[in-house]
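*Asks:*
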Amino acid sequence: MKKHRTTIVSSFIMAIGFTCAFFSSCREKNKEGMIIFTRSAVKSNSTNFDKSDSWRYIPQAQILKLDPEKPEASEKVLTTNFYSAHSPEISYDGKYLLFAAQQKQNDPWQIWEMDLNDLKSRQVTSSKENCTDPAYLPLGRIVFSKYSADDTLKAGHSLYICNTDGSNMKRISFNPFSYLASNVLSDGRILTIGRQVFPEQGVPVYMVLRPDGTKSELFYKGVEGGSLFSPGLETNNGKLVFIESDKSNFGEGNLISINYNRPLHSRVNLSSEIKGDFHSVFPQKSGRLLVSYRKSESDRYALYEFDPEKKVLGKAIYSNNDYDVLEVVITGKHERPKKLPSEVDMGVKTGLLLCQDINILDMRPSATFSKSSKIKIVGIDSTLGSVDVAEDGSFYLKVRADKPFQIQTVDKDGHILRSPCGWIWLRPNERRGCVGCHEDPELVPANRVPLSVKKSPVIIPMHINKVVEKKVSLE
Amino acid sequence: MKASRIISVIVFLSVLGLIIYFTGGKWARTHVNYITATGDHPLNCLSCHLYTQKSGFIYKLVNKKYLSPFNLAVSKDGSRLYVVAQEDNSLLVVDPQKRKVLNRISVGNLPHSVILTNDGQKAYVSNQWSDNVSVIDLASAKVIDTLNTGNGPAGLSLSADGKFLYVVDSYSSNISVIDLNTGEERKRFNSGNNPTGAELSPDGKTLYVTSRRALIAPYGETIETELTVVDEGIQRIRDRRNIESAYMMENVAFTPTGDMAMITMIRPKNLVPSIQVEQGWMMTYGLTIIEQKENGRVIQLLLDEPNAYYSDPFDIVITPDGKKAFISHSGVNTISVVNIDSVRSLISKSSPEQLNSYSNNLGISSRYVIKRIKTGADPKGLALSSDGRLLYVAEQLEDRISVINTESLETVGSIKLGGPRIVTVARQGRRLFNNSGHTFQNQFDCYTCHPDMHEDGLVYNMASKDMGRNLTNTQSLRDIGDTPPYKWNGKNQTVYKQDGMRFSTVLTRTEQFNYKDLDALTAYIITGIPYPPNLQYNPNGELTESQLRGKAMFERTKDSYGNVIPENNRCITCHTPPYYTNLKMAYVKTLAVTDDSMLFDTPHLNNIYASPPYLHDGRAATLEEIWTKYGTEDRHGRINDMTKNQLNDLVDYLKSLRAPTYDNIVTKKFHAKN
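From first to last, the protein sequence lines are chains A and B.
Okay, so the first sequence: first residue is 1 according to our numbering, each after it adds one.
Okay, so the second sequence: first residue is 1 according to our numbering, each after it adds one.
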């Protein structure tokens, strides 16, 4: 009798256990498929990169979640305690939500992280200036944009990284560019929209750099007269998708795809046959895209599914006549990017730059082409020096780390030959190579020893005769 | 009394246990930290002490014998595949329709290639580690003859009339011409350095033989690798074309019309400081195209893309209609498909300047690469069915043949060859060794600079604190498990450290191997890379008279004048058998002006003949030059008293050194000192 009772009790407990486990797993399954999106009644169209009122700061925005199975019935505002919140980003384990938010209307924007289990938020940054567009890096780090005005940047957004608890914050971009709408590529690099802000405003381009701020380079140039509007996000078939305007619809966007393997020359406008505007895009595991789209200016942006193979828009998943749906992500685990090693050594004050041949140009040499025999290194406010290039066109510089500079080619008579290259900076102990001057980014170096590296590097600024570095061990 | 004694014993044992646990744990942590050069490698004794055993019961328990298909051929009617199983020393006869292995024919050691006679009656298999070719009667599936060749026979080609077999001797760098009537070697030509691929032109008049290693030249000069052109009609060398900026030219194929020959190749960046991987600063991969007309151009086109590299191109085949070329990339488990008409169109419209620029352009491949097809691990040899509809791919580290439809360009099947089903730790390590997935954008892998797990003969500018300094001659990985420390400066005490974080920061510049992968890679490097037999200079362990005299010089304690040579300046002191290294650091006064001050890890010398150039920066083109040009102060052994003949004897002896396994010498098991 007693044994029988024990069996019944055991079976009962096991049944309860299995039931709990079953429902718990169902709940988990639903949570992984949740859509998180931003909506706002007011939408800013400002594309300023040098002001803190750019289109990346959405006024009175809310972050919501909804179940895609029952979108109308399940919407829930996650950021009720904030005046405005946007830029949602899901952690790689699917447990946390990173976002930018203002608690009160005139507060600076800060980075916050929310536990998706209990929906409690924790402030990550405590900056006097606006912080926005956070993205997760591996190793418990994040990257974000922070507004600042200083001698290096003048005024705009620099990139910073820090731990998810806000500690160990470091700046990683050091040129007069404003960087916004960052994302982390699966290869471990940060893809960000960069726009020159000094001496004059440039056009937005996608730049890519390592999380330690090294090896910054152009990733995608964009169409002439257009602008970039959203983070570039990778799909599971080797593409990147994003929103870009062109001359015909400046201020609003087309849905664009490029290949990761060859981003500069693989642009496809997926929405060329669709009238209306796109505001943001998020790739799903299925290969389909979630997009915010409106048919006309008088409509609100709503959430749709998009088939990139057929280039057709599906039915609206969510729409609300009082709000624009502006950004979207999906909860759940996703692949962590590579953890890139860092060559930065803060004990070193300089970086090294090698150019293989300054006379390799993007454009084909014309009859009037004259070879450069000298380069001028130009800082933000002054010329840092002039250096003779070696006979093979190479030069080798040791420059102060974390200081922006440009390089200008000069002929033997001192006449400027070509406009300066874009702003470069080197991180402490970074060693960087470039093939030529304004060269085709798809060119690799020829296999030859640059003559310039047979001598010691020229120290820039040239008034410094010697840099006493800490001893770096030989590899 | 009894109870108190029991309690005392329990207390004693507990205290002892705690002492062992804490001190032992601390010791284990210190030991593992030292071995792995990390602070958090799991304290898993098995990962090192089980999988790095080189012999014995445990070795047999945790390792398996795989087949490792390397090259293959298809019968004319398509009913049979003949697959060279390199690790199994066999030729497998496979029915591709039934996807079944019908026969296993034992051949020589480490077979390399197979070729079928035009009548389909016989197959010839080159045995790279036996210095011969097995002749197989396909009807009876038996070896009916063995033909002697030069050293390291690899690629094979039959003359147009089928009367002669051309054998590429990869180790001795020759081409053997074998008269198939008599089975005798009729001629032997010198070829380029480390040749492998051989292909006869469609008109049967020209034989191309490709080389893998570049010609030895001082660092800084443009690297050149020889393509040897044989006039098949008169059986003479017609031309030696040095292909600039390329090496590892594994294989060659002609278009059916014979207007072009296409050769797989690597365009390395060893002369450029290794400061970054981005923008192709370390390695690029592609095809050398040689126009088959008078004053035909040599054109090089990359197969890479700006953010994706297609490492280690190995084989190339061209469809009978001449429309498509298929190239296997063993480093990225991929087949590239090239539209040959697009290549023709591109090169016909391009000026010499444009073509020169294309050879360094990562985007140009989009003009002619029409598809990338994924395969299993380490795709090597390729073979097309005679109608060109099916492509067979030897997946070396999968023990499998994959089948690709050449119209749809989809994989339509695979044939398992019957190797072990499980992937052992060392096998996984070999896969990692051969795969570029652990380098930023797949730009290279261990195998790229260490082909055949050896070295590629190049000197790299491993820019460290400065550029243009720190030139490094690539070292062989053969049997290195017992010869720590590693690197020329001996900075890495173990293979773990060599391939760990440092490897990631300085070379691959992407996420380092996780510890499971690092354990596997280490297990493979320590246990799985044997030396080839030194059949060229020491075929049977009996030294020649010159080598014996050289041995005496190597072991001498007095110089030619009768003076005692200080112990630390005798060859035998630092180069102690069986690996010919005492595992210690030494000062031999071969630092270059630009080198940082350092001592050198004494290198091991077995099979040293196969590792030119010599010294840490590769400045010595030959063994002789180590002393005649760079050892004039007698700091690298007492040498200058020797006569020229004595030095020749010494070099002869050095060339005879071979792995201890071939002399049945029991070596120490791997351990790192702590």
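Idealized CB from N, CA, C, for every residue including glycine.
Which class does A/M1 belong to by DSSP, given the choice of helix, strand or coil?
*Replies:* Low per-residue confidence applies at A/M1: pLDDT is 47, beneath 50, and the placement is therefore not dependable, though the value from the model is reported in the following sentence. A/M1: coil per DSSP, three-state reduction.
*Asks:* Specify the secondary structure class of A/N106 as computed by DSSP and reduced to three states.
*Replies:* Three-state result, A/N106: coil.
*Asks:* Does the CB of A/K339 have a neighbour CB from chain B at under 8 angstroms?
*Replies:* Output row for A/K339: interface = yes.
*Asks:* Using the Cα positions of B/H616 and B/L591, report the straight-line distance between them to the nearest angstrom.
*Replies:* Looking at the two C-alpha atoms, the distance is approximately 8 angstroms.
*Asks:* Comparing the C-beta of B/Q512 with each C-beta of chain A, is any distance below 8 angstroms?
*Replies:* With 8 angstroms as the cut-off, B/Q512 counts as an interface residue toward chain A.
*Asks:* Would you say A/L443 reaches chain B, if we count a Cβ-Cβ gap shorter than 8 angstroms as a contact?
*Replies:* Cβ-Cβ to chain B under 8 angstroms: yes for A/L443.
*Asks:* A/D187 touches chain B at which residues, Cβ-Cβ below 8 angstroms?
*Replies:* What A/D187 touches in chain B: N307, F440, Q441 and T510.
*Asks:* Going by alpha carbons, who is nearest to B/K374 out of B/F326, B/D387 and B/G258?
*Replies:* For the residues B/F326, B/D387 and B/G258, the minimum Cα distance to B/K374 belongs to B/F326.
*Asks:* Give the residues from the region 213-231 of chain A that approach chain B closer than 8 angstroms (Cβ to any Cβ), ordered along the chain.
*Replies:* The region 213-231 of chain A vs chain B, Cβ under 8 angstroms: K215 and E217.
*Asks:* Taking only beta-carbon positions, decide if B/N270 is within less than 8 angstroms of chain A.
*Replies:* Yes, B/N270 counts as interfacial toward chain A.
*Asks:* Where does B/D456 fall in DSSP's three states?
*Replies:* Correct three-state label for B/D456: coil.
*Asks:* Along chain B, in chain order, which residues have C-beta atoms closer than 9 angstroms to that of A/H265?
*Replies:* In chain order: P306, G363 and S366.
*Asks:* Closest Cβ-Cβ distance between A/R262 and chain B: below 8 angstroms?
*Replies:* So, interface residue.
*Asks:* In chain order, what residues of the same chain lie with their CB nearer than 8 angstroms to the CB of A/E309, ignoring the 5 residues before and after it?
*Replies:* These residues qualify, in order along the chain: G287.
*Asks:* Determine whether the beta carbon atoms of B/L391 and B/V343 lie at a separation below 8 angstroms.
*Replies:* No, Cβ-Cβ distance for B/L391 and B/V343 is not below 8 angstroms.
*Asks:* So for A/F405, helix, strand or coil by DSSP?
*Replies:* Three-state result, A/F405: strand.
*Asks:* If you drop the 5 nearest sequence neighbours on each side, which residues of the same chain put their C-beta closer than 7 angstroms to that of A/S296?
*Replies:* Taken in chain order, the residues that qualify are G276.
*Asks:* Determine, using beta carbons only, whether A/Y323 and A/L303 come nearer to each other than 8 angstroms.
*Replies:* No; because the gap between Cβ atoms is not below 8 angstroms, this pair is not in contact.
*Asks:* Are the CB atoms of B/D304 and B/L362 within a distance shorter than 8 angstroms?
*Replies:* Yes. Within cutoff.
*Asks:* Can you find the residues in the same chain that come closer than 7 angstroms, C-beta to C-beta, to A/P88, ignoring five residues on each side of it along the sequence?
*Replies:* Excluding positions up to five away in sequence, the list reads I36, T38, I63, L97, F99, E327 and V329.
*Asks:* Terminal residues of the continuous beta strand (DSSP E) containing B/M553?
*Replies:* Per DSSP, B/M553 belongs to no beta strand (DSSP E); it is in the alpha helix (DSSP H), E545 to E555.
*Asks:* By how many angstroms is the C-alpha of B/I347 removed from the C-alpha of A/V449?
*Replies:* Their backbone Cα atoms lie some 28 angstroms apart in a straight line.
*Asks:* Whole angstroms is fine: what's the gap from B/D456's alpha carbon to B/T474's?
*Replies:* Whole-angstrom Cα-Cα distance: 7 angstroms.
*Asks:* Assuming the contact rule is C-beta atoms closer than 8 angstroms, B/G204 and B/E232 should be a hit. Round their C-beta distance to whole Å, please.
*Replies:* Confirmed, about 6 angstroms.
*Asks:* Once DSSP output is grouped into helix, strand and coil, what is the label at B/V651?
*Replies:* Helix at B/V651.
*Asks:* Take the Cβ of B/A552 as the centre, count every other Cβ of all protein chains shown within 10 Å, and call the residue buried at 16 or more, exposed below.
*Replies:* So B/A552 ends up on the exposed side.
*Asks:* Which same chain residues end up closer than 8 angstroms to B/K163 when comparing Cβ atoms and leaving out the 5 residues on each side of it in sequence?
*Replies:* Correct list, in chain order: D179, L180 and N181.
*Asks:* Tell me whether A/P457 sits in a helix, a strand or coil according to DSSP, three-state version.
*Replies:* Of the three classes helix, strand and coil, the one that applies to A/P457 here is coil, per DSSP.
*Asks:* In terms of residues, what are the limits of the alpha helix (DSSP H) holding B/E511?
*Replies:* It is not in any alpha helix (DSSP H) - B/E511 carries neither H nor E in the DSSP assignment.
*Asks:* Can you find the residues in the same chain that come closer than 8 angstroms, C-beta to C-beta, to B/G500, ignoring five residues on each side of it along the sequence?
*Replies:* These residues qualify, in order along the chain: T36, A37, T38, Q512, F513 and L518.
*Asks:* Looking only at its own chain, which residues have a Cβ that is under 8 angstroms from the Cβ of B/Q121, when we skip the five neighbours before and after it?
*Replies:* Excluding residues within five positions, the ones whose Cβ falls inside 8 angstroms are D137, L138 and A139.
*Asks:* Are the C-beta atoms of A/E343 and some chain B residue less than 8 angstroms apart?
*Replies:* Yes, because at least one Cβ of chain B sits closer than 8 angstroms to the Cβ of A/E343.
*Asks:* Please confirm whether A/A446 has its beta-carbon closer than 8 angstroms to some beta-carbon of chain B.
*Replies:* It does; some Cβ of chain B falls within 8 angstroms.
*Asks:* Jot down the residue ranges of each uninterrupted alpha helix (DSSP H) in the region 119-157 of chain A, minimum 4 residues, whole runs only, in chain order.
*Replies:* Listed in chain order, nothing qualifies, since the region 119-157 of chain A has no complete alpha helix (DSSP H) run of 4 or more residues.
*Asks:* Just the C-alpha distance for B/F503 and B/R509, rounded to the nearest angstrom, thanks.
*Replies:* So the two alpha carbons sit approximately 8 angstroms from each other.
*Asks:* Using a threshold of 8 angstroms, state whether the C-beta atoms of A/T350 and A/V399 are closer than that.
*Replies:* Yes; because the gap between Cβ atoms is below 8 angstroms, this pair is in contact.
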